[in-house]
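Here's the structure, in structure tokens; my notes come after.
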Amino acid sequence: MSEPGSPICRRCGRAVVTYAADYSIFEGMHYVCFHYEFEHELGAAADPDVDCGVPGCPSGPLPTKAPSEVAEGLLREIAELLRDPHSASGREATMERPGVLIVHGAEGGVRLLAFDVPPQT
Ligand SMILES: [Zn+2]
Ligand SMILES: [Zn+2]
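Numbering of the sequence shown is given in this note's numbering, commencing with residue 1260 and proceeding in unit increments.
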């Protein structure tokens, strides 16, 4: 998906489009290329297929892109539905960061991630 005037990634040679504004921050690379070049080795795992533990690692479960306000709003709705003060389950829902909801209960916890999908027609 090359666009005229897009800068070229120093690592893979493809056009940088999505994060073109951050081209210099990522040392003239894609975010993903920058991560695997400089950050991934610093984490717990050098294997690119394994989450290195750095927040936003593309091999990890967390979305690298922030969800839209719509997705974020839907996640908040879920959090509200789970926050029943009269419930005996003692569940707690907290937003860990935008698009990431943690739900704790007596029996364990779960991390819910918001990813955008196209609207249903
Ligand atoms: Zn690249
Ligand atoms: Zn990584």
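Heads up, the beta-carbon is just placed ideally off N, CA and C, and yes, glycines get one too. Predicted model only: the values in this text are computed from it and were never measured.
Self-check item: Sheet register partners of T1353 (DSSP bridge)
Solution: As a position in the sequence shown, residue 1353 is number 94, starting the count at 1. Answer by DSSP bridge pairing, in chain order: I1361.
Practice problem: Tell me whether H1363 counts as near ligand 2, meaning its Cβ is closer than 7 Å to at least one heavy atom of that ligand. | Solution: Reading the sequence shown from its first residue, position 104 is the one you call residue 1363. No, the beta carbon of H1363 sits no closer than 7 Å to any heavy atom of ligand 2.
Quiz item: For A1280, which of helix, strand or coil comes out of DSSP?
Solution: Against the sequence shown, residue 1280 aligns to sequence position 21. Reduced to three states, the DSSP call for A1280 is helix.
Quiz item: To which residues does DSSP link R1370 through a beta bridge?
Solution: Here residue 1370 refers to the residue found at position 111 when the sequence shown is read from its first residue. DSSP links R1370 through a beta bridge to I1361.
Practice problem: Could you tell me which of L1333, M1288 and S1318 sits nearest to E1300, measuring between CA atoms? | Solution: Counted from its first residue, the sequence shown places residue 1300 at position 41. When L1333, M1288 and S1318 are compared, the shortest CA-CA separation from E1300 is found for S1318.
Practice problem: State the CB to CB distance for the pair E1298 and R1270, rounded to an integer number of angstroms; the pair is presumed to be in contact (CB under 8 Å). | Solution: Against the sequence shown, residue 1298 aligns to sequence position 39. Against the sequence shown, residue 1270 aligns to sequence position 11. Contact between E1298 and R1270 is ruled out by a C-beta separation of about 13 Å, above the 8 Å threshold.
Self-check item: Cβ-Cβ separation, G1358 to E1331 (assumed contact under 8 Å), whole Å
Solution: Taking the first residue of the sequence shown as position 1, residue 1331 is located at position 72. Taking the first residue of the sequence shown as position 1, residue 1358 is located at position 99. 6 Å between Cβ atoms; contact.
Self-check item: Residue burial classification, P1276 (beta-carbon count within 10 angstroms, cutoff 16)
Solution: Position 17 of the sequence shown holds residue 1276. It is worth fixing the name first, because residue 1276 is Val in this sequence and not Pro. Its Cβ having fewer than 16 others within 10 Å, V1276 is exposed.
Practice problem: Count the other C-beta atoms from every protein chain shown that fall within 10 angstroms of the C-beta of V1291, then say buried if there are 16 or more, exposed otherwise. | Solution: Mapped onto the sequence shown, residue 1291 falls at position 32. Here V1291 is buried: its Cβ has 16 or more other Cβ atoms, across all protein chains shown, within 10 Å.
Exercise. Would you list the residues sitting across from I1337 in a DSSP beta bridge?
Key: Position 78 of the sequence shown, counted from the start, is the residue given in the question as residue 1337. DSSP output for I1337 lists no bridge partner at all.
Quiz item: Within 10 angstroms of its Cβ, does H1294 collect 16 or more other Cβ (buried), or is it exposed?
Solution: The sequence position of residue 1294 within the sequence shown is 35, counting from 1. Counting Cβ neighbours within 10 Å, H1294 comes out buried, since at least 16 surround it.
Quiz item: If you follow the alpha helix (DSSP H) that V1313 is part of, which residue opens it and which one closes it?
Solution: As a position in the sequence shown, residue 1313 is number 54, starting the count at 1. For V1313, there is no enclosing alpha helix (DSSP H), as DSSP marks it with neither H nor E.
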